[in-house]
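Q: Chains as they are written, first to last, in the numbering used here: chain A, 1 to 401; chain B, 1001 to 1401. Positions of the beta carbon are idealized from the N, C-alpha and C atoms, including for glycine. Here the structure is a predicted model, which is why all the values come from computation and not from measurement. Structure below; questions to follow.
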């Protein structure tokens, strides 16, 4: 019996609502005066909350493992990220708002440059063509039709596009066509499992037609397909937790991940202000809110300490607005660390704050990585967070007699 | 997907080297002034290092479980010691430098004393005969030949020897012949699995011939076989971590365990001084160094508090030599605790220190069991150590999109 089964069995109704506030890439590393981004930020509201909360540090997936956004969020939502792996094609497709049904097979596509004579790849990203050139080429690729399959091609950004096939008997378990270095020809799609043979045939036919259509284009006279995958059949939040769940996010990718677990995703605008307004509007319609702040991660990736601090301070200002709504449980954390010093996602633990009735208190009086070492939560895993939130919301009944 | 699979998938090259300094049986218990062996030791170098390191406490295998040297080290190397069990026969054989191939089956042998009339065991260790008597008897046992099998018998120490069979179709899954108490006859070898039937027949034939040869010896007129096992096919350090790994150890057993996971094992002499010299000589040839200090454990087993303190202080003196080589990551810990007060291995957590760039700092300023409670690492498992070291060496790429 795994955690998902346990939650399915034990969840009970309650009128206490849960808010999971995720600052993407929140965890950091010390800057010039020895403080992390979160420690350097002026966060009077979160610090005040810390005195009435349980704090700790959480490992997203496993010690030493740097998660992508998919696994980081799945773990936060209580799903074993090593068990439920989501193909990049699926994330890209959901990220740009495409819906993937049972019959869909999604791939991430890259335009590339081929040597016209030998056919080997000379640039895996076709000189990073701009998005409008990508859109023009995608328009061309939409001419391709194959019997028995509905085909969707959508530009993403720069040289990236998404290909979605829809039809009977499509399966994943397929190799990628990008040879991962220049000087080699694009590879054919090969089935890893017998049941994926039909899908491989269709994708190779599509690729052949695509190469024909792109032949005289420059620099993007070819393309590769990666992360060919179906929508994994994730148990939904309603099934697992009995929660009517709402995702409040501004970026397509996080809306996509939320949809994967069955959350509703209303339009929440483009800023923290529009997000908090959406939270207020939707407050009475849902039991659970996933509230996503993106820019902490973006500035972490840029190595911009001060700008990341700024987003954390901006987020701190909405804490009173959230508390005014009266959540039964408020969790504040991130999906993974994106320390300014590394300019990338990292494996470091995340500070976590759980504010609720009936908590065990600790001596932590500020929300920061170092202070959280002494917190009552200790060192947990991301998958522990939802069960703890559920318990504090009075939404889990006793296990066993 | 388990941790080994994950490491296999995610490891990437880096020029940062990793040093794992293992003081065998490091963990201790308070002595007369309330300090453990490590806390009582004067360790200025490790204490200074603590201020620039992440510290914590680690459980070798599972809470309450006292590991042997095999599981303790396998866990340190990132292998699930409950999954990868190594028969004692294999450890003893590797320990004395025998190579075990695919066709080898190894057993640990004990000489014992039998009552000449009834045949029951009167002393399971034959009065702890000295090693040279053991060698004389082993010489006698080498007369035994069995069709289709190459047989190696080697004395180990006192009443202990190793028996290795080599041939086609040999399998483990066999019972031991030591009845574990006196007053009972040695048991026959029985197959637990069908495929081990042939091996049981051969071992019982060997035992019959051995008893015949030993009949007139005193006190060692019999023997028992234990831990009959094949070399488990462990994934190597190169496969799992992409690391060229070198073991620097003075005792055969630890060299044997290192060989099991594919480490190179150069001769490192007999002392900490010769070991550090070997580290210096081999520095440019490897990515990873397992540096083993044995005597902390030996003195723990003796219940000799002061001598264990002495070995820890001696080890502290080589820390600057190690740091001078410029490791990307230096881990200091032990395989298990061997508290002087228990004169044996124990289940207690081990202090761990991870020194690297991009660590989360904590307030710990000395390397000791009590101080480590407050460390940023918290309470981890031995299997977490290698993934953390790999991450800090920049040797793991992102998991998932």
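With C-beta atoms as the reference, is residue 1251(B) less than 8 Å away from residue 1294(B)?
A: Closer than 8 Å, so yes.
Q: In chain order, what residues of the segment 93 to 118 of chain A put their CB closer than 8 Å to some CB of chain B?
A: Those would be none; no residue qualifies.
Q: Smallest Cα separation from residue 352(A): which of 156(A), 5(A), 398(A) and 24(A)?
A: If we check each option's Cα against that of residue 352(A), 24(A) comes out closest.
Q: Decide if the segment 78 to 97 of chain A is in contact with the segment 361 to 377 of chain A; the criterion is three or more beta carbon pairs, one per stretch, under 8 Å apart.
A: Touching, no.
Q: When DSSP labels each residue in this structure, what does residue 1217(B) get in the three-state scheme?
A: Here residue 1217(B) sits in coil by DSSP.
Q: What do you get for residue 1157(B), buried or exposed, if any count of 16 or more other CB atoms within 10 angstroms of its CB means buried?
A: Its Cβ having fewer than 16 others within 10 Å, residue 1157(B) is exposed.
Q: Give the single residue among 1259(B), 1226(B) and 1227(B) whose Cα lies nearest to the Cα of residue 1235(B).
A: It is 1259(B).
Q: Contact between the segment 1214 to 1231 of chain B and the segment 1077 to 1095 of chain B is defined here as three or more beta-carbon pairs at a separation below 8 Å; is this criterion met?
A: As far as the Cβ criterion goes, the segment 1214 to 1231 of chain B touches the segment 1077 to 1095 of chain B, which means the pair count is three or higher.
Q: Of all the CB atoms in chain A, is at least one closer than 8 Å to the CB of residue 1304(B)?
A: Judged by the 8 Å Cβ criterion, residue 1304(B) is not in contact with chain A.
Q: Just verifying my parser: in three-state terms, what is the DSSP assignment at residue 93(A)?
A: Helix, per DSSP.
Q: In chain order, what residues of the same chain lie with their CB nearer than 7 Å to the CB of residue 1124(B), ignoring the 5 residues before and after it?
A: Correct list, in chain order: 1110, 1112, 1178 and 1182.
Q: Residue 1006(B) to residue 1210(B), Cα distance in whole Å?
A: Their Cα atoms are separated by approximately 48 Å.
Q: Go through the segment 1035 to 1084 of chain B residue by residue and report every complete run of the beta strand (DSSP E) that reaches 3 residues or more, in order.
A: Counting only runs of 3 or more, we get 1054 to 1059.
Q: Which stretch, first to last residue, makes up the beta strand (DSSP E) that contains residue 1086(B)?
A: Note, residue 1086(B): premise wrong, no beta strand (DSSP E); not H, not E.
Q: When the Cα of residue 1159(B) is compared with those of 1148(B), 1131(B), 1150(B) and 1173(B), which residue comes out closest?
A: Out of 1148(B), 1131(B), 1150(B) and 1173(B), 1131(B) has the C-alpha closest to the C-alpha of residue 1159(B).
Q: Mind pulling the chain B residues with CB within less than 9 Å of residue 62(A)?
A: Neighbours of residue 62(A) on chain B, chain order: 1003, 1006, 1384, 1387 and 1399.
Q: If we define contact as Cβ-Cβ less than 8 Å, is residue 953(B) a contact residue for chain A?
A: Look at the range of chain B in this structure, 1001 to 1401, and you will see that residue 953(B) is not part of it.
Q: Do residue 64(A) and residue 1396(B) come within 8 Å of each other at the CB atom, strictly closer than that value?
A: It is a contact, given that the beta carbons lie within the stated cut-off.
Q: To the nearest angstrom, how far is it from the Cα of residue 307(A) to the Cα of residue 331(A)?
A: Between residue 307(A) and residue 331(A), the C-alpha separation is close to 23 Å.
Q: State buried or exposed for residue 316(A), treating a residue as buried only when at least 16 other CB atoms are found within 10 Å of its CB.
A: Classification for residue 316(A): buried.
Q: With 8 Å set as the bound, which would you pick, yes or no: does the beta-carbon of residue 347(A) sit closer than that to a beta-carbon of chain B?
A: Answer yes: the Cβ-Cβ gap between residue 347(A) and chain B drops below 8 Å somewhere.
Q: Under 8 Å between the Cβ atoms of residue 329(A) and residue 18(A)?
A: A contact, by the Cβ cut-off of 8 Å.
Q: With distances taken from CA atoms, which of 368(A), 370(A) and 355(A) is nearest residue 389(A)?
A: Selected option, being the one with the closest Cα: 355(A).
Q: Residues of chain B with a CB under 8 Å from the CB of residue 68(A): which are they?
A: Per Cβ cutoff of 8 Å: 1398, 1399, 1400 and 1401.
Q: Looking at the structure shown, is residue 1391(B) part of a helix, part of a strand, or coil, going by DSSP?
A: Reduced to three states, the DSSP call for residue 1391(B) is helix.
Q: Unbroken beta strand (DSSP E) runs of length 3 or more, entirely within the segment 215 to 261 of chain A: which are they?
A: Counting whole runs of 3 or more residues, the segment 215 to 261 of chain A contains the beta strand (DSSP E) stretches 222 to 229 and 245 to 248.
Q: For residue 234(A), go through chain B and note every residue whose CB falls closer than 7 Å to its CB, in chain order.
A: Simply none; closest approach about 14 Å.
Q: How big is the Cα-Cα spacing for residue 149(A) and residue 141(A)?
A: Cα to Cα, residue 149(A) sits roughly 15 Å from residue 141(A).
Q: Helix, strand or coil for residue 33(A), going by three-state DSSP, please let me know.
A: Residue 33(A): coil per DSSP, three-state reduction.
Q: Beta-carbon within less than 6 Å of residue 21(A)'s beta-carbon, same chain only, minus the 5 sequence neighbours each way: which residues are those?
A: 291 and 332, listed in sequence order.
Q: Against chain A, does residue 1390(B) count as a neighbour if the rule is that its beta carbon must be under 8 Å from one of theirs?
A: So yes, residue 1390(B) belongs to the interface.
Q: Would you mind working out which of 1337(B), 1041(B) and 1035(B) sits nearest residue 1309(B), comparing C-alpha positions?
A: Among 1337(B), 1041(B) and 1035(B), the Cα nearest to that of residue 1309(B) is on 1041(B).
Q: So which residues on chain A does residue 1077(B) lean against when the C-beta distance must stay under 7 Å?
A: In chain order: nothing, as chain A lies at least about 14 Å away.
Q: What are the residues that DSSP puts in a beta bridge with residue 1018(B)?
A: Residue 1018(B) is bridged to 1288(B) and 1329(B).
Q: Within 7 Å: the Cβ of residue 1349(B) and any heavy atom of the ligand COA?
A: This structure simply doesn't include the ligand COA, nor any ligand for that matter.
Q: If you count every other CB in all the chains shown that lies within 10 Å of the CB of residue 1212(B), and 16 or more means buried, which is it?
A: It counts as exposed.
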